[in-house]
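Scroll down for the structure; my scribbles are underneath it.
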Amino acid sequence: TAQTVKKLEAKLVLTPDDMDTRIKLLTHYASWEQKETPALTAARLRHRLWLIENRPEYPSDGLATGSESYNTDKPEYKILAKAWLQKLGNRPNETQIRLNTFELMKAGDRETAAKLLIDGMKIDASEYRYPLLLSNLYSFPIKYSDDETEADKSKRQTAQLAYGLTAMDLIKQERSDKRDSARLSLLEYLPTVAIDLKKGDLAKKLATELILDFGQSEDDGSYVDATHIGNTVLGRVALSGNNIEKAKEHMLISIRAPLRKKSYYGFDINFDLALDLLKAGEKTSVLEFLRLAEGMWLDKNGKVTDAEELAAIKLWQEQIKQGKTPSFDFYDTEEKPTTLEKSITPRQPGVGSWH
203 TAQTVKKLEA
213 KLVLTPDDMD
223 TRIKLLTHYA
233 SWEQKETPAL
243 TAARLRHRLW
253 LIENRPEYPS
263 DGLATGSESY
273 NTDKPEYKIL
283 AKAWLQKLGN
293 RPNETQIRLN
303 TFELMKAGDR
313 ETAAKLLIDG
323 MKIDASEYRY
333 PLLLSNLYSF
343 PIKYSDDETE
353 ADKSKRQTAQ
363 LAYGLTAMDL
373 IKQERSDKRD
383 SARLSLLEYL
393 PTVAIDLKKG
403 DLAKKLATEL
413 ILDFGQSEDD
423 GSYVDATHIG
433 NTVLGRVALS
443 GNNIEKAKEH
453 MLISIRAPLR
463 KKSYYGFDIN
473 FDLALDLLKA
483 GEKTSVLEFL
493 RLAEGMWLDK
503 NGKVTDAEEL
513 AAIKLWQEQI
523 KQGKTPSFDF
533 YDTEEKPTTL
543 EKSITPRQPG
553 VGSWH
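Following my numbering, the numbering of the sequence shown begins with 203 at its first residue and continues without gaps.
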């Protein structure tokens with residue numbers, strides 16, 4: 203409430219180093235739910251500048267939010283960017299300050315953001331977060347994806363893969379939950395990037411590592427994604443080598459393994475292999491894949507958890523039986539304009555996600 207905010211601000215006047223209170227206020231001022239006003243902007247900027255000046259080493263991920271923060275045309279962004287770059291210039295060897303500066307600039311000025319991390323790698327080649335964040339940065343097109351040429355995409359993905367592999371090597375030098383989580387995130391998208399770049403052996407190696415290290419126990423939180431993504435990639439690699447039977451086997455495993463878990467919160471089905479096999483004329487196996495996938499929208503009591511997505515799965519089965527190519531897109535259930543053609547040329551999947 204306004205009264206609470208006033209009390210917290212008064213508390214900070216007496217104890218400016220009270221970080222819990224300052225972060226609580228900053229979170230309030232940075233909330234997307236807040237109506238943007240000059241007073242709100244000024245308060246948010248005041249607290250951020252205090253942090254930059256007095257606690258620049260405080261991890262800022264999650265604090266660089268708010269409707270104005272990433273808008274490079276707004277004064278707030280320019281003031282903050284200048285302050286962070288100046289602080290980093292005075293203390294260039296401090297990793298967290300460099301990461302905080304990157305956190306602000308990654309969405310508004312990718313070229314500078316990338317340079318911050320590349321310069322960081324020159325200062326400390328053992329810091330895995332620099333190449334990890336660079337790989338994540340290059341998972342998005344610089345322009346809108348529709349404007350990206352194949353040459354630009356290949357160049358971007360080559361950098362994404364190279365930095366990702368560098369990060370993997372550094373991560374493996376020590377063991378910790380945080381490092382395991384970072385390695386998992388890399389293994390969930392680098393195999394697909396390797397396929398895009400026609401590096402089938404590397405894709406197979408990475409997908410196998412994903413399954414062996416993160417997809418062995420159903421009690422593991424990573425089990426569902428690891429088994430699904432890993433087997434999808436292995437199937438696409440097999441298909442690229444004309445081993446259709448092996449590709450079909452991996453496709454069915456990729457959906458049966460998650461079904462055994464019976465916990466799919468946050469899980470997204472990858473239809474890349476199904477579409478590739480459909481183009482290869484393998485209607486029966488793809489229909490079986492979709493029939494099994496229906497179970498993803500049924501709880502243990504058989505109750506439907508998402509009627510619209512379940513209806514889409516059923517619709518796609520009917521479209522295939524009619525010789526049509528489904529969209530495999532829950533937001534666009536209309537079939538593709540072309541009918542099925544026998545082909546084993548893998549399609550190019552969409553760009554990666556931010557990890």
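From the three backbone atoms N, C-alpha and C, an ideal C-beta is built for every residue, glycine too.
- Pairing K463 with L441, the inter-Cα distance amounts to about 27 Å.
- The bridge partners DSSP lists for V435 come to none.
- Taking C-beta atoms as the reference points, M307 and T314 count as a pair closer than 7 Å.
- CA-to-CA, the gap between E352 and S529 works out to about 22 Å.
- If only uninterrupted beta strand (DSSP E) runs of at least 3 residues are considered, none is enclosed by the stretch 409–464.
- In the three-state scheme derived from DSSP, where H, G and I count as helix and E and B as strand, K308 is classed as coil.
- Distance from the CA atom of I522 to the CA atom of Y425, rounded to whole angstroms, is 30 Å.
- The stretch 379–411 contains no complete beta strand (DSSP E) run of 3 or more residues.
- In the same chain as L494, and ignoring 5 residues on each side of it, the C-beta atoms closer than 8 Å to its own belong to L454, I457, R458 and L461, in chain order.
- Q519 is a Cβ neighbour of L489, given a cutoff of 7 Å.
- Rounded to whole angstroms, the separation of the alpha carbons of I446 and R293 is 56 Å.
- Counting of Cβ neighbours within 10 angstroms places Q362 among the buried residues, the total reaching 16 or more.
- The three-state secondary structure of D534, taken from DSSP, is strand.
- I344: not part of any alpha helix (DSSP H); DSSP gives it neither H nor E.
- F473 has its alpha-carbon roughly 12 Å from the corresponding atom of H452.
- Proximity to T203 across P218, L214 and Y231 peaks at Y231, based on C-alpha coordinates.
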